[in-house]
Amino acid sequence: MVFAVRVEQGSVDAWEDQAVVVNLFQGIKRPGGATGAVDKALDGAISELIEAGNIKGKFKEVTLFPTFGKIPAKKVAVVGLGKRKDFTLDRVREVSAAVLKELRKRNVRAFTTIVHGAGIGGLDPEAAAEAVAEGAILGNYRFDRKTVGVEDRPDVERVTLLEREPKKVTAFKEAVARATVVCEATNLARTLINLPAAEKTPTYLAKVAKDAGKKAGVKVTVLDHRQAKKLGMGAFLGVAAGSEQPPKFIVMEYNGAKRGRPVAIVGKGITFDSGGLNIKPYEFMKTMKEDMSGAAAVIATMQAIGQLKPKVNVIAVAPCTENMPGGRAQKPGDIVTAMNKKTIEILNTDAEGRLILADALSYVTEKDPQAIVDLATLTGACAVGLGKKVAGLMGTDDRLQRRLQNAAEAVGDRVWPLPLYDEFEEQVKSDVADVKNIGGRYGGAITAALLLKKFVDDRPWVHMDIAGPAYNEGGADSNKKEYNPKGATGFGVRILVRMLEDWNKKVA
Ligand code: BES
Ligand code: ZN
Ligand code: ZN
Numbered sequence: 002m003v004f005a006v007r008v009e010q011g012s013v014d015a016w017e018d019q020a021v022v023v024n025l026f027q028g029i030k031r032p033g034g035a036t037g038a039v040d041k042a043l044d045g046a047i048s049e050l051i052e053a054g055n056i057k058g059k060f061k062e063v064t065l066f067p068t069f070g071k072i073p074a075k076k077v078a079v080v081g082l083g084k085r086k087d088f089t090l091d092r093v094r095e096v097s098a099a100v101l102k103e104l105r106k107r108n109v110r111a112f113t114t115i116v117h118g119a120g121i122g123g124l125d126p127e128a129a130a131e132a133v134a135e136g137a138i139l140g141n142y143r144f145d146r147k148t149v150g151v152e153d154r155p156d157v158e159r160v161t162l163l164e165r166e167p168k169k170v171t172a173f174k175e176a177v178a179r180a181t182v183v184c185e186a187t188n189l190a191r192t193l194i195n196l197p198a199a200e201k202t203p204t205y206l207a208k209v210a211k212d213a214g215k216k217a218g219v220k221v222t223v224l225d226h227r228q229a230k231k232l233g234m235g236a237f238l239g240v241a242a243g244s245e246q247p248p249k250f251i252v253m254e255y256n257g258a259k260r261g262r263p264v265a266i267v268g269k270g271i272t273f274d275s276g277g278l279n280i281k282p283y284e285f286m287k288t289m290k291e292d293m294s295g296a297a298a299v300i301a302t303m304q305a306i307g308q309l310k311p312k313v314n315v316i317a318v319a320p321c322t323e324n325m326p327g328g329r330a331q332k333p334g335d336i337v338t339a340m341n342k343k344t345i346e347i348l349n350t351d352a353e354g355r356l357i358l359a360d361a362l363s364y365v366t367e368k369d370p371q372a373i374v375d376l377a378t379l380t381g382a383c384a385v386g387l388g389k390k391v392a393g394l395m396g397t398d399d400r401l402q403r404r405l406q407n408a409a410e411a412v413g414d415r416v417w418p419l420p421l422y423d424e425f426e427e428q429v430k431s432d433v434a435d436v437k438n439i440g441g442r443y444g445g446a447i448t449a450a451l452l453l454k455k456f457v458d459d460r461p462w463v464h465m466d467i468a469g470p471a472y473n474e475g476g477a478d479s480n481k482k483e484y485n486p487k488g489a490t491g492f493g494v495r496i497l498v499r500m501l502e503d504w505n506k507k508v509a
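For any residue, its number in the numbering used here is found by taking its place in the sequence shown, counting from 1, and adding 1.
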């Protein structure tokens with residue numbers, strides 16, 4: 002499928018396309034700006050529909066009707082922006098995605114839109130243009146393997162952002178180019194997560210990482226079982242022991258700065274979490290192909306970073322393996338030794354994420370990083386505590402945590418800190434090893450993070466638990482948005498890319 006967002010100079014009332022999209026704040030009777038110009042050209046048709054109560058301007062409300070030759074565009078769509086006091090950049094993304102999906106359903110294959118919020122919305126025009134492009138590219142994403150009833154399913158091929166001022170057109174083109182790179186990376190992460198575990202084996206992910214690296218000019222190294230063993234990654238290999246699929250430890254390196262220590266990003270890559278011998282019940286196992294969402298996020302982030310070329314050095318690591326029961330599977334009571342020589346007592350084979358991360362964090366720590374960020378679908382407890390729309394942040398460095406909070410705020414994703422107090426330490430003390438891999442019923446997200454902390458050697462480090470927002474099961478409690486389809490959301494990619502792009506800026 003071909004799909005692209007482009008920017009052109011012109012006015013919607015004089016623009017030819019299958020449809021033009023204008024907007025309306027809730028409660029406005031007489032539209033101004035571009036919407037007003039189209040209304041006027043249509044002899045007041047929009048005002049009349051408002052008057053008659055057919056158009057209310059409610060958030061995400063889309064009204065599509067024909068123009069009967071009064072303007073060059075065949076149809077006009079009016080999208081509601083909601084109440085002006087509730088208006089945000091993220092609402093622009095949602096509105097843009099809502100328009101795309103509605104027009105797609107109505108068989109419009111190409112349309113032209115104004116930049117919502119750039120005029121009377123009062124947003125930064127460039128950020129608004131980027132948000133419109135993001136909403137369209139993310140909203141256009143689908144994943145399925147249906148063969149019946151999809152033969153003539155319509156697809157949108159082209160979205161045009163129209164701007165009258167030539168000066169803004171140049172800025173908008175840059176914004177759209179950036180949005181395209183970041184959202185295509187997000188969609189790559191989504192596809193990796195949505196793929197059945199039977200297909201996205203560690204070996205497959207390693208190949209995708211290599212392809213992404215080639216595409217974006219990023220160096221990719223893949224360590225196999227033998228190399229991991231040589232490095233002493235006993236915790237990673239312990240998890241892999243029950244699987245027929247060979248584990249892969251993916252390393253990606255981008256050098257955008259001449260000098261300087263790298264920023265490390267680490268993602269949990271369990272391609273299927275059955276729980277291992279502590280096998281999960283049906284209800285908890287059915288979505289566990291999502292358990293490599295952290296790995297998908299860092300691989301996709303490196304693709305985008307390689308294309309955007311910010312002035313920072315980055316090393317990304319994704320330890321990838323299945324967590325399966327089997328004749329050789331690790332067992333409760335086992336003691337494993339991680340790469341940094343610390344020992345871990347396994348008491349529950351389903352607490353495997355922290356084990357593979359123990360080795361991944363040890364590995365990056367040896368690369369002398371200036372900061373470490375890890376992303377992991379680590380604990381159900383985090384999703385219970387914060388809800389499925391919010392990622393938990395825990396770490397050892399306030400400034401790094403603020404970088405993530407600022408980046409998340411900018412891209413419209415929700416993150417929230419949890420307290421990594423020393424008082425929780427007692428819960429992960431083992432009688433026979435340096436630490437144990439479970440910490441009891443209370444504070445589960447925190448005790449998991451406390452284990453990770455033992456493998457970062459006091460470096461500035463923040464852990465992001467994405468067990469909630471990584472996957473949208475579709476319920477009211479899920480991380481659903483107009484631009485987050487059912488299934489994988491690609492949570493984390495846009496946050497990480499933004500954080501790395503802003504790395505040399507002052508931290509607010
Ligand atoms: N992958 C799961 C966590 C998870 C739960 C991710 C729901 C996404 C959605 C993780 O490996 C796990 O099983 N954690 C256990 C830890 C427990 C055994 C200490 C959990 O959260 O129950
Ligand atoms: Zn598990
Ligand atoms: Zn897991």
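Backbone N, C-alpha and C fix where the C-beta goes; we use that ideal spot for every residue, glycine too.
Residue i in three-state terms, based on DSSP
i    : result
K507 : coil
Y1   : Residue 1 is absent from the model: the chain starts at 2 and stops at 509.
E291 : helix
N188 : helix
V23  : strand
N407 : helix
Y283 : helix
G268 : strand
E346 : strand
Y1   : Residue coverage of the chain in this structure runs from 2 to 509, which leaves residue 1 outside it and unanswerable.
L232 : coil
G488 : strand
E159 : Before going on, a small fix: residue 159 reads as Arg here, not Glu. Strand.
T181 : helix
Cα-Cα separation between residue i and residue j, rounded to whole angstroms
i    : j    : result
K71  : E483 : 32 Å
T272 : I56  : 47 Å
A180 : A298 : 16 Å
L101 : K507 : 36 Å
E49  : M465 : 50 Å
S275 : A111 : 44 Å
D14  : P73  : 7 Å
K1   : F66  : What the structure shows of the chain is the stretch from 2 to 509, and residue 1 is not part of that stretch, so it cannot be assessed.
A489 : I266 : 20 Å
D153 : N108 : 10 Å
I439 : V429 : 6 Å
D369 : A258 : 15 Å
D225 : K249 : 5 Å
T378 : E353 : 11 Å
T204 : G295 : 17 Å
K61  : L82  : 6 Å
V498 : L362 : 20 Å
A229 : V252 : 12 Å
F144 : N195 : 7 Å
K342 : A129 : 50 Å
T192 : A199 : 14 Å
K487 : R260 : 42 Å
T202 : T350 : 20 Å
Residue interval of the beta strand (DSSP E) (run including residue i)
i    : result
V8   : A5 to Q10
F69  : Here F69 belongs to no beta strand (DSSP E), and DSSP marks it neither H nor E.
E323 : N314 to N324
G81  : K76 to G83
D375 : A372 to A377
A111 : A111 to T114
Residue range of the alpha helix (DSSP H) that includes residue i
i    : result
Y364 : G354 to T366
T148 : Looking at the DSSP string, T148 is not in any alpha helix (DSSP H), and its letter there is neither H nor E.
R415 : First-last for R415: R415 to P418, but that is the beta strand (DSSP E), not the alpha helix (DSSP H).
E502 : V494 to E502
R94  : L90 to K106
Cβ pair residue i, residue j closer than 8 Å
i    : j    : result
G1   : A319 : Here the chain covers residues 2 to 509 and nothing more, so residue 1 does not appear.
E426 : L405 : no
V22  : I47  : no
T366 : R460 : yes
V463 : G396 : yes
M340 : G239 : no
G334 : I347 : yes
L124 : L163 : no
L189 : Q308 : no
K357 : T302 : According to the sequence displayed, residue 357 carries Ile and not Lys. The answer is no: Cβ separation not under 8 Å.
T114 : V160 : yes
Identity of the residues DSSP links to residue i by a beta bridge
i    : result
L394 : P418 and M465
L224 : F250
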